[in-house]
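In our numbering, the protein residues as written are 119 to 333.
The C-beta atom is built at its ideal place from N, Cα and C for all residues, glycine as well.
The structure presented is a predicted model; accordingly, all values stated were derived computationally and were not measured.
Okay, so here's the structure we're looking at.
This is the structure we're talking about:
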């Protein structure tokens, strides 16, 4: 098998992690809006967009000049991810190199770094990431839109139902293969999907009938 790239999709818990973004322009704003929902987010810049100035979820550090290497190293000492997002590609690369040398993950906004942020679809506990490895953001968005047409809100309810049915079946059916068959049958039951649009209780009751068929 030939390795086409070293990139592997991962889902990472960013709770209590620190993300440092250098640059308070429109790109830095977009990154900050995304990461502040998951991690402690710090934006360092000479100036900030209006949205960043108004945000209460984002920590801002105002500087009056470009940071020297020592200052930048001290700033990112406890960072999990660094995002150079200035309008100077050479400065971005320099910051990325410093972070990488210290074993800190880097997301580049103007080149391919060691971390790529995918286009994301979230439906409850279902998370889907789409990436073209930075070759075509437009294609990533297009694929996301197509998938969103298929992965409707009912899928979030089905994820909840599957989780609850797994617990329900573990207490009643010791045979793992039989449990898997029942869970699959629930997924393929159109009545369950229809009920999920209007009544989770009815969907659960319909799903539970599949347990009765193996008793």
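C-alpha gap between residue i and residue j, whole angstroms
{"i": "residue 296", "j": "residue 132", "result": "36 Å"}
{"i": "residue 235", "j": "residue 149", "result": "9 Å"}
{"i": "residue 292", "j": "residue 152", "result": "43 Å"}
{"i": "residue 161", "j": "residue 138", "result": "6 Å"}
{"i": "residue 259", "j": "residue 237", "result": "7 Å"}
{"i": "residue 254", "j": "residue 315", "result": "35 Å"}
{"i": "residue 187", "j": "residue 207", "result": "16 Å"}
{"i": "residue 312", "j": "residue 299", "result": "20 Å"}
{"i": "residue 302", "j": "residue 202", "result": "45 Å"}
{"i": "residue 328", "j": "residue 158", "result": "45 Å"}
{"i": "residue 144", "j": "residue 281", "result": "40 Å"}
{"i": "residue 310", "j": "residue 304", "result": "7 Å"}
Residues bridged to residue i (per DSSP)
{"i": "residue 202", "result": "140"}
{"i": "residue 239", "result": "246"}
{"i": "residue 218", "result": "Paired residue(s): none; residue 218 is not in a bridge."}
Residue i classed as buried or exposed, judged by whether at least 16 other C-beta atoms fall within 10 angstroms
{"i": "residue 142", "result": "buried"}
{"i": "residue 119", "result": "Caution applies to residue 119, whose pLDDT of 40 falls short of 50 and renders its modelled position unreliable; the value that the coordinates give is listed next. Classification for residue 119: exposed."}
{"i": "residue 121", "result": "With a pLDDT of only 49 at residue 121, under 50, the local geometry of the prediction cannot be trusted, and the value read off the model is given with reservation. By the neighbour-count rule (16 or more Cβ atoms within 10 Å), residue 121 is not buried but exposed."}
{"i": "residue 319", "result": "exposed"}
{"i": "residue 279", "result": "buried"}
{"i": "residue 197", "result": "buried"}
{"i": "residue 146", "result": "buried"}
{"i": "residue 360", "result": "Absent from the model: residue 360. The displayed extent of the chain is 119 to 333, so no value can be given."}
{"i": "residue 324", "result": "buried"}
{"i": "residue 308", "result": "exposed"}
{"i": "residue 256", "result": "exposed"}
{"i": "residue 287", "result": "buried"}
{"i": "residue 136", "result": "buried"}
Residue i, DSSP secondary structure in three states
{"i": "residue 184", "result": "coil"}
{"i": "residue 233", "result": "coil"}
{"i": "residue 244", "result": "strand"}
{"i": "residue 177", "result": "strand"}
{"i": "residue 159", "result": "strand"}
{"i": "residue 224", "result": "strand"}
{"i": "residue 329", "result": "helix"}
{"i": "residue 134", "result": "coil"}
{"i": "residue 121", "result": "Any reading at residue 121 needs caution, since the residue's pLDDT is 49, under 50, leaving its predicted position unreliable; the model's value is listed next. Correct three-state label for residue 121: coil."}
{"i": "residue 251", "result": "coil"}
CB contact flag (residue i, residue j, <8 Å)
{"i": "residue 227", "j": "residue 213", "result": "no"}
{"i": "residue 209", "j": "residue 184", "result": "yes"}
{"i": "residue 262", "j": "residue 244", "result": "no"}
{"i": "residue 163", "j": "residue 181", "result": "yes"}
{"i": "residue 269", "j": "residue 246", "result": "yes"}
{"i": "residue 217", "j": "residue 239", "result": "no"}
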